[in-house]
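Q:
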Amino acid sequence: MVVGRGEAVRRLPFRAADFGSIRQAAEALLMKQSIISRSIRQLEDTLGLAVFARTSGGVQATDAGRQFLRMARSMLVPRHRGFDRLIRVQQDR
44 MVVGRGEAVR RLPFRAADFG SIRQAAEALL MKQSIISRSI RQLEDTLGLA VFARTSGGVQ
104 ATDAGRQFLR MARSMLVPRH RGFDRLIRVQ QDR
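Every number in the numbering used here is 43 more than the matching position in the sequence shown, counting from 1.
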């Protein structure tokens, strides 16, 4: 799937949730931890709620964060499947 930089940044909170760790997400994505942390802080500021509880062992989605991530992910997945289909059609031409 082709993902633009802005789209990739919007996905960072999902990656942190998947790994349960900002550090592990950063390592897997070959990014600085500060970029992921900043992305999460901006999301939380925008939403006006804590998406993650931070501990020395990593991050864990709060109740509100789990609800948000579930809802947001359900909206993103069909959208990206549609983009993938369009890209394949375009490449087949």
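Backbone N, C-alpha and C fix where the C-beta goes; we use that ideal spot for every residue, glycine too.
#1: Helix, strand or coil: which one does DSSP assign to Ala69?
#2: Would you say Ala93 and Gln103 are within 8 angstroms of each other, going by their C-beta atoms?
#3: Looking at Ile83 and Ala107, is the spacing between their C-beta atoms short of 8 angstroms?
#4: Go ahead and pull the three-state DSSP assignment for Ala59.
#5: Rounded C-beta distance between Ala69 and Lys75? I'm assuming under 8 angstroms.
A: Quick look at the numbers:
#1: Locating residue 69 in the sequence shown gives position 26, counting from the first residue. Helix at Ala69.
#2: Here residue 93 refers to the residue found at position 50 when the sequence shown is read from its first residue. Here residue 103 refers to the residue found at position 60 when the sequence shown is read from its first residue. Cβ distance not < 8 angstroms, so Ala93 and Gln103 don't count as in contact.
#3: Translated into positions along the sequence shown, residue 107 becomes position 64. Translated into positions along the sequence shown, residue 83 becomes position 40. No; because the gap between Cβ atoms is not below 8 angstroms, this pair is not in contact.
#4: Indexing the sequence shown from 1 puts residue 59 at position 16. Helix.
#5: One-based indexing of the sequence shown puts residue 69 at position 26. One-based indexing of the sequence shown puts residue 75 at position 32. Contact flag correct, Cβ pair sits at about 6 angstroms.
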